[in-house]
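Below: the structure, in structure tokens.
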Amino acid sequence: MTIADEKYVSFTTYKRDGSPVSTAVWIVDLDDGAVGFYTSSTSFKTKRLKNNPRVLLQPSNSRGVVKAGTTPVSGTAVVVDGAERDAVYARVVSKYGIQVKITRGLAKLGGWIKRKPFPYADRGVVITLDA
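Letter by letter, the sequence shown follows residues 308 to 438 in our numbering.
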């Protein structure tokens, strides 16, 4: 089983001071040893990746609690948009189906309640895993 076969992974990025920040994300295989997921251009993980592209991935539950007995996988991440983002999004929709529609609906509802549109899934994150 590879990291891309997991339903959720703990995705760890690093603040400017080097301290780690982890969050649970969906994960998909992108061919050639890369994996990815989608996110918002306004997310903190997107901002942290601009400063440090090094990341750790580890199988987790939906809340980001790492599965016992698993080993983290390191890699280098890049935030993408346009056609590259579309390719990531299509893979996520293929793997997660109705869950994508539900989260998109909740994001739209939240934006409506706050009266501020939320840029849902407007960026992809592509991670090249270390050998």
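Glycine is no exception: its CB is placed at the ideal position from the N, C-alpha and C atoms.
Here the structure is a predicted model, which means the values were calculated and not measured.
| Query | Result |
| --- | --- |
| Residue closest to W333, alpha-carbon to alpha-carbon, out of A375, P327, G325 and V342 | V342 |
| Opposing strand residues paired with Q365 [DSSP bridges] | S317 |
| V385 versus F351 - alpha carbon distance | 14 angstroms |
| Complete runs of the alpha helix (DSSP H) confined to the segment 333 to 395 [at least 4 residues] | 351 to 358 |
| CA-to-CA distance, L363 to G371, given in whole angstroms | 12 angstroms |
| Candidates V335, A397, Y345 and R361, of which the one nearest G325 by Cα | R361 |
| Spatial distance of S381 from K314 (CA atoms) | 18 angstroms |
| Cβ-based neighbour list, L356, same chain, cut-off 8 angstroms, excluding 5 preceding and 5 following | T320, V362, A384, V385, V386 and V432 |
| With 16 other Cβ atoms within 10 Å as the buried cut-off, status of P366 | buried |
| Local conformation of T410 per DSSP, three classes | helix |
| For R411 and D404, the rounded distance between their alpha carbons | According to the sequence shown, residue 404 is Gly rather than Asp. Cα to Cα, the separation comes out at about 11 angstroms. |
| For S317 and K374, the rounded distance between their alpha carbons | 9 angstroms |
| Span separating the alpha-carbon of T349 from that of K415 | 15 angstroms |
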